Amino acid sequence: MEAFWQYSQVLSGLLSGALLVEEAGGRISDTHGRPWSFTSRDFLATASALHAASVEVLSTIA
15 MEAFWQYSQV
25 LSGLLSGALL
35 VEEAGGRISD
45 THGRPWSFTS
55 RDFLATASAL
65 HAASVEVLST
75 IA
């Protein structure tokens, strides 16, 4: 998987996946590129090389 995103209330069930992505060298943020937290309204996990392009596309949708 190179990218995953979710809109709506982000559940804590994403925490383990976020840890795996970061440990593998990927990037985690919200769809606007801001740091992700439990209060974020959306979630984006990507390969590092795709993060900027993913934020560019997804930030215009949400």
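The sequence shown begins at 15 in our numbering and counts up by one. Heads up, the beta-carbon is just placed ideally off N, CA and C, and yes, glycines get one too. This structure is a prediction, so every number in the text was calculated from the model and none was measured.
Helix, strand or coil at S30 [DSSP, three-state] = Start at 1 with the first residue of the sequence shown, and residue 30 comes out as number 16. S30: helix per DSSP, three-state reduction.
ask   = Can you list, in chain order, the residues of its chain whose CB lies under 6 Å from that of H46, leaving out five sequence neighbours each side?
value = Here residue 46 is taken as the residue at index 32 of the sequence shown, counted from 1. Cβ within range, chain order: S73.
key: Cβ-Cβ separation, R41 to S5 (assumed contact under 8 Å), whole Å   = Absent from the structure is residue 5, since the part of the chain shown begins at 15 and ends at 76.
query = So W19 and F57 are in contact, right, with Cβ under 8 Å, and what is the actual spacing, rounded?
reply = Sequence index remark: in the sequence shown, residue 19 carries index 5 (1-based). Sequence index remark: in the sequence shown, residue 57 carries index 43 (1-based). That belief holds up - the Cβ atoms of W19 and F57 are roughly 6 Å apart, short of 8 Å.
key: Other residues of its chain near E36: CB distance less than 7 Å, five sequence neighbours each side excluded   = Working through the sequence shown from its first residue, we reach residue 36 at position 22. Cβ neighbours of E36 beyond the five flanking positions: I42.
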